[in-house]
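Under the working numbering, think of the first position of the sequence shown as 49, with each following residue one higher.
All residues carry an ideal CB built from backbone N, CA and C; glycine is no exception.
As the structure is a prediction and not an experimental result, all values here were calculated from the model.
Note sheet for the following structure.
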Amino acid sequence: MACPASLGGVVMLSGNSMIHVDQSSRRVILPLNGWQTRISDFPLPPVPPEQQDRNIQLDGCRGTFVDDRTLFIILKDGTVYPVDIVMEGKVVTKMTMSSALAQTTIPSVIRRITDTHVFVGSTGGPSVLLNAAQVEEEIDEDEKMSSPTAVVQMHIDYDDDDGNFAYTYDFQDIYGDSKTKEPATNGHTNGKAPKKTRTVIKLSECDSLPAYGPIADMTFSLARNGERPVAELVAATGSGHLGGFTVFQ
């Protein structure tokens, strides 16, 4: 995977790790499970205690950059992981992977089509268009800057009629309320020190192309429309978490 020009080099995805190689062949490795130390003698960075039990396999995954320093890795089951690339000057020093953001479709191809839109094409189910927008948000003085740099913009709508609920994505409030810039005095606003801000990538689903995916098996059934019998075709479609039964009439 070619990196943006401001970053340089390439990111290679192996089954057990991610490797960044720059123009001088300097390598930075991010191990994602315990197998990397068993199959390679290349020196690895220290793993934080909370990540020592991490067990992620990249077989069948797809990835793309969403900005100059952040890329999304989508595993073969649709789980989305953000990866941040840390630099000192013009040299990449490490890569960090945050917790999973969400689960989307099973990826067959992934393309960044605009600065904020990523298309995930799938042969195992519906294809989706994701919005990855950069938003500036304020942080408190005691809040750590190491908080996740990517979040999912989503809320839950409840259906009062049958008690079911569905996940829907919020697009209108993704940038927050507009704020009027107040006059500054000696570098402060109204005598108060300006709050610290950080850039966060908010991920949301814009649209999707419905698809059934592969058909594993099928059978005929007979239903009734009033007094008239109606033939139906029941098929086992999709794959993984997108799998299920589809009725064709």
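Nearest-angstrom Cβ-Cβ length linking residue i and residue j, presumed shorter than 8 Å
i	j	result
K142	V76	6 Å
M66	L55	Wrong, their Cβ atoms sit about 14 Å apart, outside the cutoff.
H165	C51	Contact doesn't hold; Cβ gap of about 20 Å is too wide.
T144	I249	That belief does not hold up - the Cβ atoms of T144 and I249 are roughly 14 Å apart, past 8 Å.
A259	S175	7 Å
T85	E184	Not really, about 39 Å apart at Cβ, beyond 8 Å.
Straight-line gap, residue i to residue j (C-alpha atoms, nearest Å)
i	j	result
L251	T245	19 Å
S256	F167	9 Å
I104	V278	47 Å
I133	G288	31 Å
A284	Q297	15 Å
L290	W83	29 Å
N273	L80	54 Å
G63	V295	37 Å
P130	V139	20 Å
R160	G108	18 Å
I263	S72	48 Å
I158	E186	31 Å
L106	Q99	16 Å
A53	D70	11 Å
A148	D101	15 Å
G261	R276	31 Å
L281	T162	40 Å
heavy atom of the ligand FMN below 7 Å from residue i C-beta
i	result
S62	Absent from the structure shown: the ligand FMN. Ligands present: none.
Helix, strand or coil at residue i according to DSSP, with G and I counted as helix
i	result
G292	strand
T162	coil
I104	coil
E275	coil
Y215	With a pLDDT of only 35 at Y215, under the threshold of 50, the placement of this residue in the model should not be trusted, and no figure is reported.
P79	strand
Q182	strand
Q151	strand
Identified DSSP bridge partners for residue i
i	result
I122	R110 and V128
D89	Partner(s): none; D89 has no beta bridge.
A284	D265 and F293
G169	V157
M60	I67
L177	F167 and D255
Chain B within 8 Å of residue i, Cβ atoms only
i	result
G63	Although the question refers to chain B, the structure presented lacks it and comprises just one protein chain.
Check your understanding: Three or more C-beta pairs closer than 8 Å, one from the segment 146-156 and one from the segment 171-184: is that the case here?
Key -> yes
Exercise for review: Count the C-beta pairs between the segment 174-183 and the segment 266-279 that are closer than 8 Å, then say yes if the count reaches three, no if not.
Suggested key: no
Exercise for review: Say whether the segment 55-71 touches the segment 111-127, bearing in mind that this needs 3 or more beta-carbon pairs closer than 8 Å, one atom from each stretch.
Suggested key: yes
Review point. Are the segment 118-125 and the segment 82-96 in contact at 8 Å, needing three or more beta carbon pairs?
Key: no
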